[in-house]
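Taking it in order: structure first as structure tokens, then the write-up.
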Amino acid sequence: MNFLHPWALAVGAAALCLPLLVHWLTRPRPVRLPLSTIRFVLEAVQQRRARHRLRDFIILLLRAGAVALLAWAFARPLGAGKPPQAPGAGAETARVLILDQSQSTAAAVRGISAFERARPIAARYLSGNSGARAGLILAGARPRAVFGRLSSNLPALRDELAAAQPRPERLNLQAAINRAAEMLGGEGGGDGGAAVRRELIILSDFQRTDWSTFDLSPLPKDTVVRLESVAPAQAPANLAVLRVSAAGRLVEGREARVEVDVGNYSPAARQVQVDLTIGDGTYRLEGLCPPNVATTLSTSFNPQAAGWQFGSARLAGVEDALPADDVRPFVLGVRGATTYALVTREDPRPHASSSHFLERALAPAPGAPGQAQVAWASPARRERVQRVDPKALDKDALAGADLVVLDHPGKLSTESIGLLAALARRGRAILYVAAEPVDATNLKLLADAAGSDLKLPVNFLPPRPGRVRRGLFLAEVAKDQLPFREFGEALPAAIGPLRFGGGLDTERNPAGLLDDVQATYGDRTACLVTTAWGAGSLAVLNAELAESNLPASPVFVPLVNELAGRLLGRGPAEHSVASGDRVDAYLPPDAGEPSKLTIVAPPGAAAPKVADLGTVSEEGGFLLWHWAAAGPPGVYQVKRGDATVFALASTVPPSEADLARIDPSLLEGRLAGGRQVHFTQAASADSEARDDTWAWVLAACVGCLLLEVVALLAFRT
Amino acid sequence: MPATVTSDRSRFLDLRALAALAHMRFATRHQIDGSYSGRHRSRQQGGAAEFVDYREYSAGEDLRRLDWKVLARTGRPYVRLYQDETNLLCTLVIDASGSMRFGSRRAGMSKLEYAQHLATALSQVITRQQDQVGVAVVSDGLGETIPPGGAPGQVLRVQEAIERVETKPATRLAEALRDLFGRVQRRGVLMVFSDFLVADLQAVFASLRLFRHRRWEVVLLHLIDPDEERLPEGRAYRFEGLENDGRVDASPAEIRRLYEERFAAHVAAVRDLGLSAGCDYRRVSTATPYLQVLGGFLVERSG
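So the protein lines, in turn, are chains A and B.
For the first sequence, the working numbering assigns the number 1 to the initial residue and increments by one for each residue that follows.
For the second sequence, the working numbering assigns the number 1001 to the initial residue and increments by one for each residue that follows.
Following this line, the structure appears as structure tokens:
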């Protein structure tokens, strides 16, 4: 018999002593009384003892039984699945048990989680068997083998099993299988030794999101694979906060929207309420969530100060199978005034040049006295353009820039190319205005430096000799995407008069996405390309602005600003990491020296120690926070003194919220890869019924108490 | 208990209280032997005593008792029967066993003190009516014994002896009574003050039957404390015996009914044994003032 709460048995054992202890502590202190008729007292006491000895014995038994049964009921006796198959006679058994401890195994049905169902079954697999060697792998985001190799110390394995708990992590199934393969592979039956029977048992809830693919080929060929499901027959209903992020870039003083994705993994639509806490502010989001999809709820948020904003989103009034994912911490980065680095070799003095047009478009000059302000140039916007000489291009020059604009940079040095590639990979946005033939070389070098991080949809080439690029008009634009989407119905009228000159020839790059081409000239060359580059992005405006009428057009400023906004909005949507996953986060360039930085865990008993929060080191001129496995959910901060220079929210993986299990036929068929896999369902209907044993035990406890009353009445008469 | 005025003779003698009983006399219910002529019916008949009845003459009887007048009138011989009157010889037996030391708050005094009060008062009453009184103290054996006598200082010696009585842990009431029986020479009244808390009641009454067989009048005054009848209230007591009979922890509430049954059975046994032995039995609660008990006793006895 196994128990859900074995500690209750110890409490019950102590409680058995409790009546005696209470009796001893509360027994009346007798008052001394000399009495001449003591012999009558003695006779009465003896007669009473004789009369009530049986009654007292029965009462004691019934009371002790009631207490023991109560403790038993609280311990929640559990039924279990089939007993493990006994190894063949005379054969040694090498058994590896993988126990899924991902967050989804904490989902409870009728108060019993899948993990608790799995525990007694796993204990049975680790029960004593002479000659048996076993290993236990607790599988989360990383496989955690109790011992490095198979061991015959089964009691120690059972102890570890008893102490194991679900973790707020996803299941990295393949890593666990690979680890099991290493352990089983080390148990050879060669050298004339006795035949070894290899077994791999996986106890899991077989969540669809974790089990969509796995490869058993690393296992030795003769390994018997047994999959035992502890998932309930029907996937329990679950709601979860899957994502919290800002729609676009959060800028100080500018109202933005914060979006919360709520997943409803239940068969019916649910009206949900989300309490969103950002700093000191609290917001209530409400909405109807259709079944089996994620619904985005949003609210407006006006950050008043730049910096890191922490908060949490909590589902209100929800009782579901997995409470752990009903709350999600998050981090929002609020930027101050946008700073542009304009890398150009053109003369900074105001004149009709491409860089001048860009500078004025990105950061409009204050209106002259008596001149109307530009409508979108609100006082809160304090954009700043910093011209950078390409020859002086270095990390410090671009440290504070949110967007790097390259216009007529000339031939970029290798160091500059490497720097730009590193910045883009770490999330910086780059706008390249390709006007000169040398820009084709620069873009080629950038693409080469980016490697697989950058897949431009077109390759930019110098114009063919003799060909004059002039009078180009826009033939195709992605009107449903930024920056053109903002023009709406007025788009044809806005872009119709535009004529472009200069720029580069382009040819289709099959490795890139055609959808990244935002606008195409009438000669089929690309006008505007926007594509992802690592964590950042790259936009290429293929035109010589000085030879185009675009700067003189009223669409120029909004077009450039929408384009910049799109690029800046491509920053990390959510500063979060799944708990248990590896963290490699680049800190902002102004973070300072690593020695002056400290990593602070969120308060709470489950918070890891400081030594377990990873390290900050310098890598390629940037500060890298390396953390082997993110800790429990919460906000982790990198601080310099009292100032937070970086923050990251560790969260429950959203994939753990969908508790639907995979079709067992897939496990035994296609996913097994031709291997013989035995799948059993431990949480069958009758075992569910056995889990109700506690109710019967409780009824027996009540019966004992009633019998006690009957005995008291009977002996009284 | 009312305030008492004790005399110099004995702290148990309250002459002022006894003054209320001055007109009362202690009378016997049986014929007794006495040393002198007195108020009590003697076992002796004839002489100058009081005429009682006629009886037909039998051969060999004293012709001096033949009533010649009746013979002359009826022609049949009858003898005159006279009841002789003599004085009372009363022996007060005081049980000084350890159990007599018990006295509850409700009673205000121990059973022994109560017995001492009662015995002292009785000795005073008996002496006042020209009867003779003696005392015998019994506990683990026959203790101080003063036979009834008519000496001038007899009552003083008796009351002093009563005052000196102290309890002893052991009880050998039956043996002590047998010893007393062996010492006394003349019949009289044996008045026993005891709680009869002994291991063997039958032996005690066997001893008392010896007195009865010798035509003694035996009066049993069964002294009972209120807390003996009904255990005191309280959660738990450590009851300790007064005669080296151990201790026991018990809650009165749990054993009250059984205890009362057993004590009532004990009282009933004493009463039944006493009555069956021809003794006069009187149950005396020490919660009742001893003068009230004495008054009632004398009223009942007054002839």
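Where is the CB? At the ideal position from N, CA and C, for every residue including glycine.
Close-in-space but distant-in-sequence residues of the same chain around residue i (CB under 6 Å, 5 per side omitted)
i         : result
A/Gly534  : Ala424, Arg425, Asp453
A/Leu346  : Note that residue 346 of chain A corresponds to Glu in the displayed sequence, not to Leu. Within the same chain, A/Glu346 has close Cβ partners Ser353, Ser355, His408.
A/Gly592  : Arg640
A/Pro87   : Per-residue confidence for A/Pro87 stands at a pLDDT of 42, beneath the threshold of 50, marking its modelled position as unreliable; no derived number is given.
A/Leu239  : Asn264, Leu315, Val318, Asp320
A/Arg53   : none
A/Leu550  : Leu498, Phe556
A/Val477  : Phe484, Ala519
B/Trp1216 : Arg1187, Leu1190
Those residues which DSSP pairs with residue i across a bridge
i         : result
A/Lys639  : A/Thr598, A/Thr644
A/Cys289  : A/Arg270
B/Lys1168 : B/Ser1097
A/Pro462  : DSSP output for A/Pro462 lists no bridge partner at all.
B/His949  : Not covered by the structure: residue 949 of chain B. The range shown for chain B is 1001 to 1303.
A/Thr299  : A/Val258
A/Asn172  : The partner list for A/Asn172 (beta bridge, DSSP) is empty, contrary to what the question assumes.
A/Asp100  : A/Ala139
A/Ala649  : A/Ser576, A/Val635
B/Cys1090 : B/Val1133, B/Val1189
B/Glu1056 : B/Tyr1078
A/Thr680  : A/Glu228
A/Trp308  : A/Gly333
A/Trp533  : A/Leu454, A/Gly536
A/Trp627  : A/Val583
A/Asn264  : A/Leu239, A/Val293
A/Pro34   : B/Glu1240
A/Tyr432  : A/Leu406, A/Val540
8 Å Cβ shell around residue i - same chain, five flanking residues per side excluded
i         : result
B/Gly1141 : Arg1172, Glu1175, Ala1176, Asp1179
A/Asp612  : Gly631
Contacting residues, own chain, Cβ-Cβ under 7 Å from residue i (five flanking each side not counted)
i         : result
B/Glu1166 : Ala1096
B/Ala1003 : Bear in mind that a pLDDT of 44 at B/Ala1003, under 50, signals an unreliable position, so the number given afterwards is only what the model happens to contain. Cβ within range, chain order: n/a, list empty.
A/Asp584  : Leu624, His626
A/Leu538  : Ala424, Ile430, Tyr432, Leu454, Thr531
Under 7 Å from the C-beta of residue i: neighbouring residues of chain A
i         : result
B/Tyr1259 : Phe40, Val41, Ala44
B/Glu1254 : Arg48
B/His1222 : The premise fails here: B/His1222 is roughly 13 Å from chain A at the closest Cβ pair, so nothing lies under 7 Å.
Residues that residue i contacts on chain A, provided the C-beta gap is smaller than 8 Å
i         : result
B/Glu1163 : Under the 8 Å cutoff, chain A gives no residues; its nearest Cβ is about 22 Å from B/Glu1163.
B/Ser1010 : Those within 8 Å of B/Ser1010 in chain A number zero; the least Cβ separation is about 25 Å.
Residue i: contacting residues in chain B (beta-carbon distance under 7 Å)
i       : result
A/Pro30 : Ala1236, Tyr1237, Arg1238, Asp1249
A/Thr37 : Leu1197, Glu1228, Phe1263
Residues that residue i contacts on chain B, provided the C-beta gap is smaller than 9 Å
i       : result
A/Pro34 : Arg1101, Phe1102, Phe1239, Glu1240, Gly1241, Leu1242
Exposure of residue i, with buried meaning 16 or more beta-carbon neighbours within 10 Å
i         : result
B/Lys1168 : buried
A/Trp308  : buried
A/Glu507  : exposed
A/Gln371  : Low confidence applies here, because A/Gln371 scores a pLDDT of 42, under 50, leaving its location unreliable; read the following figure in that light. A/Gln371 comes out exposed.
A/Ala511  : exposed
A/Lys82   : Any reading at A/Lys82 needs caution, since the residue's pLDDT is 47, under 50, leaving its predicted position unreliable; the model's value is listed next. Counting Cβ neighbours within 10 Å, A/Lys82 comes out exposed, since fewer than 16 surround it.
A/Leu559  : buried
A/Trp694  : buried
B/Gln1185 : exposed
A/Asp261  : buried
B/Gln1159 : buried
A/Gln46   : exposed
B/Ser1276 : exposed
A/Cys17   : exposed
A/Tyr586  : buried
A/Val468  : exposed
Beta-carbon neighbours of residue i, restricted to chain A and to distances below 9 Å
i         : result
B/Asp1245 : Ile38, Arg39, Leu42
The region 1191 to 1209 of chain B: which residues have C-beta closer than 9 Å to a C-beta of chain A, in chain order? Hits within the stretch, in order: Asp1195, Leu1197, Ala1199.
In chain order, what residues of the region 1262 to 1282 of chain B put their CB closer than 8 Å to some CB of chain A? Arg1262, Phe1263, His1266
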